[in-house]
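See below for the structure under consideration.
Number of protein chains: 4
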Amino acid sequence: MSASRYTYLGPEGTFTEAALRTLPEAATRELVPKVSVPAALDAVRGGEAAAALVPIENSVEGGVTATLDELATGTPLMIYREVLLRIAFALLVRPGTKLGDIKTVTGHPVAQPQVRKWLAAHLPDARWESAASNADGARLVREGRYDAAFAGEFAAATYGLEPLVTDIHDARNAETRFVLAGRPARPAARTGADRTSMVVWLRDDHPGALMELLQEFSARGVNLTWIESRPTGEGMGRYCFSIDCEGHITDRRVAETLMGLKRICPNVRFLGSYPRASADGEPPTAGAAPRPGTSDADFVAAAEWLARCQDGRA
Amino acid sequence: MSASRYTYLGPEGTFTEAALRTLPEAATRELVPKVSVPAALDAVRGGEAAAALVPIENSVEGGVTATLDELATGTPLMIYREVLLRIAFALLVRPGTKLGDIKTVTGHPVAQPQVRKWLAAHLPDARWESAASNADGARLVREGRYDAAFAGEFAAATYGLEPLVTDIHDARNAETRFVLAGRPARPAARTGADRTSMVVWLRDDHPGALMELLQEFSARGVNLTWIESRPTGEGMGRYCFSIDCEGHITDRRVAETLMGLKRICPNVRFLGSYPRASADGEPPTAGAAPRPGTSDADFVAAAEWLARCQDGRA
Amino acid sequence: MSASRYTYLGPEGTFTEAALRTLPEAATRELVPKVSVPAALDAVRGGEAAAALVPIENSVEGGVTATLDELATGTPLMIYREVLLRIAFALLVRPGTKLGDIKTVTGHPVAQPQVRKWLAAHLPDARWESAASNADGARLVREGRYDAAFAGEFAAATYGLEPLVTDIHDARNAETRFVLAGRPARPAARTGADRTSMVVWLRDDHPGALMELLQEFSARGVNLTWIESRPTGEGMGRYCFSIDCEGHITDRRVAETLMGLKRICPNVRFLGSYPRASADGEPPTAGAAPRPGTSDADFVAAAEWLARCQDGRA
Amino acid sequence: MSASRYTYLGPEGTFTEAALRTLPEAATRELVPKVSVPAALDAVRGGEAAAALVPIENSVEGGVTATLDELATGTPLMIYREVLLRIAFALLVRPGTKLGDIKTVTGHPVAQPQVRKWLAAHLPDARWESAASNADGARLVREGRYDAAFAGEFAAATYGLEPLVTDIHDARNAETRFVLAGRPARPAARTGADRTSMVVWLRDDHPGALMELLQEFSARGVNLTWIESRPTGEGMGRYCFSIDCEGHITDRRVAETLMGLKRICPNVRFLGSYPRASADGEPPTAGAAPRPGTSDADFVAAAEWLARCQDGRA
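Read top to bottom, the protein sequences are chains A, B, C and D. For the first sequence, the residue numbers in UniProt numbering are 1 to 314. For the second sequence, the residue numbers in UniProt numbering are 1 to 314. For the third sequence, the residue numbers in UniProt numbering are 1 to 314. For the fourth sequence, the residue numbers in UniProt numbering are 1 to 314.
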């Protein structure tokens, strides 16, 4: 039964699985790894699963384009949760392997820049070869194809390996943000520390079109947290924009902004409003304080004043 | 009975009276001249009259500050109509006076710049002295105090004078805009070629505050037609802003703009939405075409889309 | 010899004369009253005088349109100084007149709103009639035409009158700002607390044109202190803009703003940069602190960086 | 000798090599493949090569983050040329292999989304496994590890394979943009159809900071063609912005924009101005016409006018 099934970017032992397991409801769901972000999301689209957890942004590498583009196109999906996971790698080896024995290492291409300095310092002569995923790298080590794999420490048990070194991360504060996407339904409830995601296409490519788009946010005091040009597939230089802002679709300033975008853009895809997450169970950083005059109370007061003006009672 | 009484900036024979008489309902009203704009408006505030016609802008002299300031402060009034009157002066004299006899001329101070060139060309030696109004100048000519007065040709009969020269106006296209102000009630009906007037106070004097105010208009594609810094009376350098824009308070783009102003400004005084007038019975110049995405239909469609997003049906 | 002659808005005994006498150099100049702002300024244009002092703004009445429009058109003039004068009226009477004797009062029309409340409280039955200037009102009292005139206390001696009541002013902080205009030459030296005045015509009347104009200021962190739509004389609804901003033309942020305006507007008339004045000898209120990144040092550093980029040394 | 050596993202047979060979000077250079974008660029930084060609953007996948981030950090490099290459894949096999024989296919992960539909239609049962590069995939086919590889047709000869199917591309107009990066020196000469690239850090994370940044472009009529939030490495939610705009650093509107950014941002890295390329030898699409008032002639005229104002000759 699909309602009890969540897919995720697999295979087993990935950081995505670890992120998924931080969700309380994961304990009561069947967790099904998929070979790719599209496969994980298509399982939701097709009704095979209720939701899919996929990475969307990494504090070192930036946006995960496969996820951004899958959410931007095809059958609509919506984001209901985000999970923030601190990323640290373990160097997984077959039991008994020592550092000096390691001639080849593997891992997901995204892992490489995050362990590059550690490699240069500790295994300067080891040859890196990319694997399809960190977990897949672990499997290839198990099979003897490589001597060591960078992966989450939690993957060691799954693949019968040992963590030789742990907590490896070139960048401090390396984190990955994952989103739980499902079929469109009512957005997650407003918490007061929310994020809203969308994809916006511009009406045309006139100079200043992007400024007009952003003015819809700034005129209502809505803070952008993310913007990225994404290709529309119609050729080089044709973009849509993946945008995140602070606030919830039921916040009036956000609602008015979304309507403003809808009016000036040929296409706006609402991708959900959901609680902003934090890593390690800390409360989410408070967003920027809303600009004066942009609270729901301000909107209500202004609407009441307008009604009085229209009735001649102002 | 006040409902049948309109006041206007008198005395009899002013351009204001002529403007008032262009309104069809003037035929069935008691028209009462007042000595000043404040007096005309206070008669409305006090219930003595239903409405007052006062000049608000002259195409040569600019805004009529007495009117702007009276509407900005005190008991609120609202504008329901505007009248545009082409201004041309007649040189009024006692019967028998010839051009060569004229040593002194009078008229309202506002008339002077509009006849200055004509005076220099035709009566270079005549001495100008200001009168309290053009009509008052005519009265003073009648009484023999001056030889000639500049006033509307229609004032000749009232004061027993003759128009010696007519159609005098230094500036082509000299026009005065008058407004009919009454106590607050429902605004005039939307016509599609409307103007909305307001006075706006800024929250504080931070750099960019004026830009934020104007962004409320530009973000919704609402076209400003008039802006003037007006002193608040709190000292030099402290201003409020007299603003006119195209559109009607029931146009959604205007309504949202007004609410936006109300949210960011400590005080907004709505002065009415009313049909834009034209001189000489011509249809009013069409305003600028609304920016794409700012029609009422666009607003409705965007609101419906938002509702679908909030319901998970987008 | 014109270099030693200053004109001013007369007649003798006006506040303008009082303002002019606050300038140290006035002591060594021949001060010549003129009957109007245009006459005072035309004397400068014609070479008859070196400079003219005229009122430009009143904290109660707003801009002095005659001055704004004279400076906006015709042979260019430039502002080199401003003078701020606290305005309080004296009620001038012929020696021996008592309050109870006063049936008629006069004064400049601009004086009326500033003494209206005082009149209502102390001389409710007196009839007001406007004079061409406050000083002219004093003269008419001297001649017996009126019983009392509102004017500056300093005008009493000139016209052989007595100040019966002094320090009359409905509004607290009533001040008038005067400017000293001369033929174009190098602007006044930068003091760090300067004002720059200009008149700007828009390229066309497209929606947002005013916003584009103001963006030239906001993009460089230049603070507007005054904006007023002024008729261009080409018909109702056609305006140019009288604008003051903080800063001096030699401040780089102001210079770049002026060049930006010049590029997008068909006409910009620079009216001068000059020290901001204060009333009663107090130092001028410091303007808003410049936005970070807009000091001359920031401009110089950015230009040097650009040069390094262009030379491949950044 | 390094001046005669260019590196590129290898191995031999990649699209990058094909793009590099479209440059006339490539014929007289030693072309050295490197295993990664960082390796190719570091060879330039270290003086081993004069320049490196690396992919920066794909019309299907978007920005190449390895390149964006390498250029944003570390020892500065500058872009002198761009090359646009139409991307179509060939299915390379060992001689004699038929479509029905193919059980496993490989290629660079970026190739996968561009051939996914073709695969689903023609080889629905083939298993995909990623290779480190398209060329590396070809090598692995040569070695017998996979049955077929997606790569450029030009790679067939290098690896002793046969193109079984050619011109495979799911997306029409698939193109990749490559940049030739060298050590900082004078920018490429202005051609009139140029692009300028930069990375910009914001002063702080206040709401509207991004708007202020973009206003520097819009206020001077400079058209953005690309913007992407890139992580700064200081933690989730901390971004710099990779930005491309139309125009050349010696275009005055671009120069003033860059200086404006430099003034308000704590860090701006100029990455070069260079001719906009087109695919297949077509002339580059003309950029948007510059906004009126933003040509070099307009800037020069405005500067001359400013000088006249400052000299009192305006």
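Glycine included, C-beta positions come from ideal geometry on N, C-alpha and C.
Between aspartate 251 of chain C and aspartate 298 of chain C, the beta carbon gap of about 11 Å keeps them out of contact (Cβ cut-off 8 Å). Residue contact check for proline 266 of chain C against chain B: no CB pair falls below 7 Å. Beta-bridge analysis with DSSP links glycine 62 of chain C to C:Asn58.
Bridge pairing for arginine 116 of chain B: absent [DSSP]. With respect to chain A, the C-beta atom of alanine 209 of chain B has no partner C-beta closer than 7 Å. For glycine 137 of chain B, the enclosing alpha helix (DSSP H) starts and ends at 134-142. Between glutamate 256 of chain D and arginine 220 of chain D, the beta carbon gap of about 5 Å places them in contact (Cβ cut-off 8 Å). Under the three-state reduction of DSSP, tyrosine 80 of chain B is assigned to strand.
Within chain C, the residues placing a beta-carbon under 8 Å from that of proline 187 of chain D are Cys309, Gln310, Gly312, ordered along the chain. For threonine 250 of chain C, the C-beta contacts it makes with chain D under 8 Å involve Gln310, in order along the chain.
Residue contact check for isoleucine 227 of chain B against chain C: a CB pair falls below 7 Å. Counting the other Cβ atoms within 10 Å of the Cβ of glycine 293 of chain D gives 16 or more, which makes it buried. Per the DSSP secondary-structure output, phenylalanine 89 of chain C pairs in a beta bridge with C:Ile168.
Taking CB atoms only, leucine 258 of chain B has a neighbour in chain A less than 7 Å away. Per DSSP, arginine 253 of chain C is one residue of the alpha helix (DSSP H) stretching across 252-264.
Aspartate 244 of chain A carries a strand assignment under DSSP once its states are collapsed to helix, strand and coil. Three or more beta-carbon pairs drawn from the region 1-16 of chain D and the region 137-157 of chain D are found closer than 8 Å, and the two stretches are therefore classed as touching. Distance from the CA atom of arginine 308 of chain C to the CA atom of threonine 67 of chain C, rounded to whole angstroms, is 47 Å. Distance from the CA atom of glycine 160 of chain A to the CA atom of serine 130 of chain D, rounded to whole angstroms, is 24 Å. In the structure shown, alanine 3 of chain D falls within a helical segment according to DSSP collapsed to helix, strand and coil. For serine 218 of chain C, the enclosing alpha helix (DSSP H) has its first and last residue at 209-218. The same chain holds no residue with a CB closer than 6 Å to that of arginine 145 of chain A once the five nearest residues on each side in sequence are set aside.
When Cβ-Cβ separations below 7 Å define contact, proline 184 of chain B makes contact with chain A. Contact annotation for alanine 219 of chain A against chain B: Glu212, Gln215, Glu216, Ser218, Ala219, Arg220, Gly260 [CB-CB distance below 9 Å, chain order]. Contact between isoleucine 87 of chain D and phenylalanine 178 of chain D does not hold, since the beta-carbon distance rounds to 11 Å and is not under 8 Å.
Within chain B, no residue has its CB atom less than 7 Å from the CB of methionine 78 of chain C, the nearest being about 22 Å off. From the beta-carbon of arginine 263 of chain C, the residues of chain D found nearer than 8 Å are Gly293, Thr294, Asp298, Phe299, Ala301, Ala302.
As a beta-bridge residue in DSSP terms, leucine 224 of chain A pairs with A:Cys245. The Cβ-Cβ distance between isoleucine 249 of chain C and proline 187 of chain C falls below 7 Å.
Under the three-state reduction of DSSP output, proline 24 of chain A falls in the helix class.
Residues of the region 168-183 of chain A whose Cβ lies closer than 8 Å to any Cβ of chain D, in chain order: Ala171, Arg172, Asn173, Glu175, Arg177. In the three-state scheme derived from DSSP, where H, G and I count as helix and E and B as strand, threonine 14 of chain A is classed as coil. In terms of Cα proximity to alanine 50 of chain D, the closest of D:Val32, D:Val64, D:Thr65, D:Ala277 is D:Val32. The C-alpha of valine 37 of chain A is placed about 20 Å away from the C-alpha of serine 59 of chain D.
Boundaries of the alpha helix (DSSP H) around leucine 41 of chain C: 37-45. Fewer than three beta-carbon pairs drawn from the region 73-83 of chain C and the region 98-116 of chain C are found closer than 8 Å, and the two stretches are therefore not classed as touching.
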